[in-house]
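> Quick one: the structure is below, questions incoming.
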Amino acid sequence: SQQGEEDPQALSIQEGENATMNCSYKTSINNLQWYRQNSGRGLVHLILIRSNEREKHSGRLRVTLDTSKKSSSLLITASRAADTASYFCATDEAGNTPLVFGKGTRLSVIA
Amino acid sequence: NAGVMQNPRHLVRRRGQEARLRCSPMKGHSHVYWYRQLPEEGLKFMVYLQKENIIDESGMPKERFSAEFPKEGPSILRIQQVVRGDSAAYFCASSPGSRAGHYEQYFGPGTRLTVT
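In the order they appear, the protein sequences are chains H and E.
Mapping of the first sequence onto the numbering used here: position 14 corresponds to residue 14, and the numbering continues sequentially without gaps.
Basically the numbering used here = 1-based index in the second sequence + 1000.
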């Protein structure tokens, strides 16, 4: 079955810098979602981008989707220490299938 | 509107005992998903349920694991005769929609199961 794969596995940046995380997947999808997980906590939904959309914004978050390359990126601008977390992409194959999560990118924002 | 609730938050069981994990979805949500997460890993889908129905259990181990979502009360994930390899964080999520991937999912805080 397909799987979202995040890249890089870990990322460490200074506060105020931008953070970019990438996700690649293998098959056709209905949509792609990004989630955040703080250490020891549940996941929090960030953005859902549908297969017919190319870019979506939410506050300091910008998500792009390139279905021809089967990839997505999550950009966090002007990062803050509170952005420190693991970020996961999740995809569903075209149809009615469960979400498939990647292993995540661990982001550390240093104050 | 309370979020997804899971209890207990932490559960310790000896090998061979049973573990029962509970999940109450968000108000108005009738779709529940269970996931398992090992350290440093992503979430692995286990089972998708609607009220009184199992829709997709393709991620559930064939033995010892079962799930239900009764008409009244929370969803239950039950693990019989636990083994050390069952130690993980188990997350429940709920959504309002009828198609598994079309809607964002709201996650509970998880139950951390430790098997000694």
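Every residue gets a Cβ at the ideal spot worked out from N, C-alpha and C, and that includes glycine.
1. Counting Cβ pairs closer than 8 Å, one from the segment 1048–1061 of chain E and one from the segment 1006–1023 of chain E, do we hit at least three?
2. What is the residue span of the beta strand (DSSP E) that E1063(E) lies within?
3. Roughly how many angstroms lie between the CA atoms of V109(H) and R36(H), to the nearest whole one?
4. Leaving out five residues before and five after I13(H) in sequence, what residues of the same chain have Cβ atoms less than 8 Å from its Cβ?
5. Where S24(H) and W34(H) are concerned, what is the direct C-alpha to C-alpha distance, given to the nearest angstrom?
6. For a quick check, are the C-beta atoms of R1014(E) and T1111(E) less than 9 Å apart?
7. Could you tell me the boundaries of the beta strand (DSSP E) in which E1018(E) lies?
8. Going by Cα to Cα distance, which pick from A82(H), L46(H) and P98(H) is closest to S73(H)?
9. Give the range of the beta strand (DSSP E) segment to which F88(H) is assigned.
Well, looking at it:
1. As far as the Cβ criterion goes, the segment 1048–1061 of chain E does not touch the segment 1006–1023 of chain E, which means the pair count is below three.
2. Stepping through the second sequence from its first residue, residue 1063(E) is reached at position 63. No beta strand (DSSP E) contains E1063(E), which DSSP labels as neither H nor E.
3. Locating residue 109(H) in the first sequence gives position 109, where the first residue counts as 1. Locating residue 36(H) in the first sequence gives position 36, where the first residue counts as 1. Cα to Cα, V109(H) sits roughly 14 Å from R36(H).
4. For the purposes of this step, residue 13(H) is identified with residue 13 of the first sequence, where counting begins at 1. Hits under 8 Å: A19, S79, L107, S108, V109 and I110.
5. Here residue 24(H) is taken as the residue at index 24 of the first sequence, counted from 1. Here residue 34(H) is taken as the residue at index 34 of the first sequence, counted from 1. One Cα belongs to S24(H), the other to W34(H), and the distance between them is close to 12 Å.
6. Your numbering for residue 1014(E) matches position 14 in the second sequence. Your numbering for residue 1111(E) matches position 111 in the second sequence. Going by C-beta atoms, R1014(E) is not nearer than 9 Å to T1111(E).
7. Taking the second sequence and counting its residues from 1, one reaches residue 1018(E) at position 18. From DSSP, E1018(E) is part of no beta strand (DSSP E); its letter is neither H nor E.
8. Position 73 of the first sequence, counted from the start, is the residue given in the question as residue 73(H). Comparing Cα-Cα distances from S73(H) to each of A82(H), L46(H) and P98(H), the minimum goes to L46(H).
9. Here the question's residue 88(H) lines up with position 88 in the first sequence. A85 to E93 is the extent of the beta strand (DSSP E) around F88(H).
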